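Visitor: Each residue of the sequence shown is one higher than the one before, counting from 8 in my numbering. From the three backbone atoms N, C-alpha and C, an ideal C-beta is built for every residue, glycine too. Note that this is a predicted model, so its numbers are computed, not measured. Below is one structure. I have some questions about it.
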Amino acid sequence: MSHSNISTGTEHAAGASGLVSAEPISLTAESAPRAESADVIIVGAGPSGSATAAYLAMAGLDVLLLEKAAFPREKVCGDGLTPRAVRELITLGIPTPAEDGWIKNHGLRIVGGGHRLELDWPDLASFPPYGLVRTRKDFDEILARHAVKHGARLLESTNVTEPILDDRTGAIIGVRAKALDPEGRPTGEDLVFHAPLVVAADGNSSRLSMSMHRPRRDDRPMGVAVRTYYTSPRHDDDYLESWLELWSNDSQTGKRVLLPGYGWIFGVGDGTSNVGLGILNTSAAFGKTDYRDVLKRWVDTLPPEWTFNDETMTGPVRGAALPMGFNRQPHYDLGLLLVGDAGGMVNPFNGEGIAYAMESGRLAAEVIAQAFARQGDAGREKVLRSYPRVMKDSLGGYYTLGRGFATMIGHPEIMRLAVKYGLPRTTMMKFLLKIMANLAEPHGGDAGDRLINALSKMAPDA
Ligand SMILES: Cc1cc2nc3c(=O)[nH]c(=O)nc-3n(C[C@H](O)[C@H](O)[C@H](O)COP(=O)(O)OP(=O)(O)OC[C@H]3O[C@@H](n4cnc5c(N)ncnc54)[C@H](O)[C@@H]3O)c2cc1C
């Protein structure tokens, strides 16, 4: 094994399933690319890929986790973790003590319409009563190393370029990749990996899904978010803060338009705050708005003592898309299974994606482990085909409600009335927090929990 960027935990002598050999494929020509095989190949070591890899390695499967970047690497994000994401960290076995740089928060502070409301995270049996903040530069590496600790083989600086297909069935049976140098330039080394199952965890643009003819669905909401960091006395805020009034100027009428989205201020605890905004594509202003400009104009209205200005900005404003409400499907077909952003799993209510990336990784790993315990291809395929249903059962109805919500607040007048009349009503806002952060107790709970569960069950699957 000559690749310089490989990390392994416990070595696997052979495919744990017994279905596929983990021995290197023998090469006949000197110029042939280096080839390896595994039970499962996972493309992308973000939260979805690393969670899937860790769970599969724990289940005894031979997992290859391929990542084009080299850790530590930056990832454009708000760095905010709700109790739903913390629950996933706990289940995965990742400790989050304050002395290791995990910044705890107790709830959400909402600002808008002249109001300022502090809502604690609900105290439930199913979710911890706190959230966290951690930069993705640390967070993603911690998760990837955790997967390695449990036995996954991580190959960094490995850019997956195309699927390898079975001529007869059209199913994916591996991937081709190019090795990269530390600056991200191709070294000229071609790599080939084989496995009977490939997981696309390659994020929003998911080239792998695209090359397997799984484009984005236009009938699902999409968000855009931008963010930067500032040094600020607010860096150790123990509440996540969101501002509900973001304005853009209509280029034709010159009128101010209220945008469907929110601005955030999340204390990172290292002297800086992550400040950004996310906006849905459901309003007429979408696509005609300069989001960096909206961010700048909003930040300019904030109190000067918070020191969010050009001098204190520690990095450029960066942005990316938020694929929501299962905007890429099916989540399993022809040997390719989708997790996280690749499967469009961002919550349309609040733009949160990390919890769902990790959650889909956990659910996918459960299905895959069961599939690999079956004898023969037909038995394995039958189990893998249950994954789309598993995802729909756990989030489908809720995401359909989220789609309706996104469409509704795309109308500036509805957004304005919601801010004006919703915010002063604490009981209603507590209920909305539970809906928007998907924090309803699944069993029992109070009347609000039961209503959310009933609505999610009644709504058709996304
Ligand atoms: C500005 C912004 C703010 C956000 N804020 C929050 C927030 O505060 N909280 C929250 O929960 N969510 C937030 N999100 C959403 C969140 O970032 C995503 O939902 C989450 O990163 C999805 O995880 P993932 O593992 O599916 O994909 P990603 O995190 O995108 O990981 C994909 C990985 O695949 C790798 N990859 C891609 N292509 C290849 C290839 N060809 N070969 C090998 N590797 C490849 C990439 O390098 C990357 O490491 C935000 C998003 C944006 C844009």
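#1: What first and last residue would you give for the alpha helix (DSSP H) that runs through GLY326?
#2: Pull up the distance between the alpha-carbon of LYS464 and that of GLY87, whole angstroms please.
#3: Quick one: Cα of LYS437 to Cα of LEU424, how far?
#4: Among LEU265, GLY368, ALA328, ASN357, which has the Cα closest to the Cα of VAL346?
#5: Please state if the CB of ILE49 and the CB of LEU72 are separated by a distance shorter than 8 angstroms.
#6: Please state whether DSSP places VAL205 in a helix, a strand or coil.
#7: For a test of the three-state rule: what should DSSP assign to LEU344, helix, strand or coil?
#8: Locate the beta strand (DSSP E) running through TYR363, then write down its first and last residues.
#9: Closer than 7 angstroms: is that where the CB of ALA454 sits relative to any heavy atom of ligand 1?
#10: Taking all protein chains shown into account, decide if MET443 is buried (16 or more other Cβ within 10 angstroms of its Cβ) or exposed.
#11: Going by DSSP, what residue range makes up the beta strand (DSSP E) through TYR236?
#12: Figure out for me which residue from GLY51, HIS418, PHE379 has the closest Cα to the Cα of GLY210.
#13: Pick helix, strand or coil for TYR428, following the three-state DSSP scheme.
#14: Could you tell me if SER216 is buried or exposed, where buried requires 16 or more neighbouring beta carbons within 10 angstroms of its beta carbon?
#15: Any heavy atom of ligand 1 closer than 7 angstroms to the Cβ of LYS185?
#16: List the DSSP bridge partners of TYR339.
#17: Tell me whether VAL353, by its Cβ, gets closer than 7 angstroms to a heavy atom of ligand 1.
#18: For VAL205, which of ALA232, PHE333, ASP174, VAL167 has the nearest alpha-carbon?
#19: Please tell me whether, using a cut-off of 7 angstroms, the distance from the CB of THR289 to the nearest non-hydrogen atom of ligand 1 is below it.
#20: Could you tell me if ASN316 is buried or exposed, where buried requires 16 or more neighbouring beta carbons within 10 angstroms of its beta carbon?
#21: Name the one or two DSSP bridge partners that ASP127 has.
#22: Should TYR551 be labelled buried (16 or more other beta-carbon atoms within 10 Å of its own) or exposed?
#23: Taking the C-alpha atoms as reference points, what is the distance between ASP348 and PRO330?
#24: Count the other CB atoms within 10 Å of the CB of ILE203; is the residue buried (16 or more) or exposed (fewer)?
#25: Using only alpha-carbon positions, find the residue among ALA327, GLY350, ARG223, VAL118 that is nearest to ILE286.
#26: Once the 5 residues before and after ARG221 are set aside, which same chain residues still bring their CB inside 7 angstroms of it?
#27: Three-state secondary structure (DSSP) at LEU458?
#28: Measuring from the CB of GLU359, is there a heavy atom of ligand 1 at a distance below 7 angstroms?
Guide: On the basis of the supplied data:
#1: Unbroken run through GLY326 is the beta strand (DSSP E), 325-330; no alpha helix (DSSP H).
#2: 28 angstroms
#3: 18 angstroms
#4: GLY368
#5: yes
#6: strand
#7: strand
#8: Counting along the chain, TYR363 falls outside any beta strand (DSSP E), though it belongs to the alpha helix (DSSP H) covering 361-379.
#9: no
#10: buried
#11: 229-238
#12: GLY51
#13: helix
#14: buried
#15: no
#16: LEU344
#17: yes
#18: VAL167
#19: no
#20: exposed
#21: GLY114
#22: Residue 551 cannot be examined here, being either before or after the span of the chain that is shown, 8 to 469.
#23: 6 angstroms
#24: Ile is not the amino acid found at residue 203; the sequence shown has Pro there. Buried is the call here.
#25: ALA327
#26: ARG335
#27: helix
#28: yes
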